[in-house]
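Residue numbers (our numbering): -19 to 173.
Note that the Cβ used here is the ideal one computed from N, Cα and C, for glycine as well.
Report on the structure given below.
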């Protein structure tokens, strides 16, 4: 009887894990579903009715331009997650525990190990993409700093040139006024004499 109680407890715990995993698969970032494919709004991409998990998203990838001539896929469609058998294998294990079917339990455990390997591969690929994004971000930050430095030098140079040109023109204007004033004074004195 203890074995039946343990199996029931494991099946109940697994039921909770399935529900939690479906909730995680329906997570949003900036009010958009992470695993919905290109269907990022609307109904949850994953639904669970107690017997099966259904995917309502699509397998479309979303790409964004991250640099000149460089695009990157920025999502992982839920279909990729569903194709690992994650949900089906957990449900199969839960059902095998409830039915006390030793062979089905062993098969489900083996399938879950295969799913784990697939999830690790997906995680590694996502980690590689994150590394590429980090590298691109560093390059863009460096380019931005260089651009700001060049802009500052250009603006500083133009400002200095404008000040020098203004001072030169002001000096020429004052010289012209002084010369004109001197000439007028001489002419007026000559006239008065």
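Just confirm the distance between the C-beta atoms of residue i and residue j, as a whole number of angstroms; I'd bet it's less than 8 angstroms.
i           : j          : result
residue 57  : residue 39 : 5 angstroms
residue 88  : residue 76 : 5 angstroms
residue 200 : residue 34 : Outside the shown range of the chain, which is -19 to 173, sits residue 200, and nothing can be said about it.
residue 15  : residue 37 : 7 angstroms
residue 69  : residue 91 : 4 angstroms
residue 98  : residue 64 : 4 angstroms
Within 10 Å of its beta-carbon, does residue i have 16 or more other beta-carbons around it, so buried, or fewer, so exposed?
i           : result
residue 47  : exposed
residue 71  : buried
residue 74  : buried
residue 17  : buried
residue 61  : buried
residue 6   : buried
residue -2  : buried
residue 153 : exposed
residue 146 : exposed
Across which residues does DSSP place residue i in a beta bridge pair?
i          : result
residue 51 : 45
residue 67 : According to DSSP, residue 67 bridges with nothing at all.
residue 26 : 35
residue 12 : 9
Among residues of its own chain, excluding the 5 on either side of residue i, which ones have a beta-carbon nearer than 6 angstroms to its beta-carbon?
i           : result
residue -14 : none
Please work out which residues of its chain come closer than 8 angstroms, Cβ to Cβ, to residue i, disregarding the five sequence neighbours upstream and downstream, and give them in chain order.
i           : result
residue 51  : 43, 44, 45
residue -12 : 77, 78
For residue i, which residues from the same chain have a beta carbon less than 7 angstroms from its beta carbon, with the 5 sequence-adjacent residues on both sides left out?
i           : result
residue 116 : 46, 47
residue 149 : none
residue 106 : 56
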